[in-house]
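Input: a single structure, listed below in structure tokens.
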Amino acid sequence: MDKTLIDEMIAAARGTIALLAGKRSAAKYYDLSLKGLMGSLIAFVVAVTFNAFAPHFSGSSAAPQPWQALIMVALLYVFQTGFGALVLNQFGRLDGLVPYLVADNWATFFITAISGIMVFAGLNADGAILVVGLLVIILEINIARLIVTLKPIQIAIFIIAQLVGAFVGLMVLGAIFPSELVGSMSGMSGAHAS
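Just so we're aligned, residue 1 is where the sequence shown starts under UniProt numbering, counting upward by one.
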């Protein structure tokens, strides 16, 4: 029986909690197929769209236009995924790319939901950023460790490659958009851009 997107989201929430707890069983909650990738991409697009429009709903005038934020996140996603794929290919583990993306896309969705709740609840922005940052680090390491099943040194190289991809993406954005815009957008890059 095919799962609905809601069923997939509930299972992915359990998987994300399992990843945060470091449970080896985390992978069983995700649909790690191409169909699961499509569902996770829908969740990712919802999260990114929320991040792009939320500052405007709160009255922030310093935030970039939503279309600019969406372009920024899309470009960073492509660069991070590309650099991650290159490293996985070097490890002979390109088979881990789709499972990584599925888990990471869902993690982005849930981290965005948590950060949105924290902001709308009026929690201290610095505290919220710290909590979200810690959650992202834990999730990224555990996705690479438990979903992709990389070795510790491979995890470090994989994460560094993605950071380099994000940096290169920001340089490309700097060439496309004015530098003050890229500076304001780099702070809203979401969990995938982690």
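Ideal Cβ placement from N, Cα and C applies to all residues, glycine included.
As the structure is a computational prediction, the values presented were derived from the model and not from experiment.
- Collapsing the DSSP output to three states places Ala-21 in a helix.
- Between Ala-166 and Leu-75, the alpha-carbon positions lie close to 9 angstroms from each other.
- Contact annotation: the segment 37-52 touches the segment 105-115, with at least three C-beta pairs closer than 8 angstroms.
- Only buried fits Gly-15, as 16 or more other CB atoms lie within 10 angstroms of its CB.
- In this structure, the alpha-carbon of Leu-139 lies about 10 angstroms from that of Leu-146.
- Annotated three-state conformation of Pro-66 is helix, per DSSP.
- Between the segment 115-131 and the segment 142-156 there are fewer than three inter-stretch CB-CB distances shorter than 8 angstroms, so the stretches are not counted as touching.
- Bounds of any alpha helix (DSSP H) do not take in Lys-151, whose DSSP letter is neither H nor E.
- Beyond the five residues adjoining it in sequence on each side, Ser-25 comes within less than 8 angstroms, by CB distance, of Ala-18 in the same chain, given in chain order.
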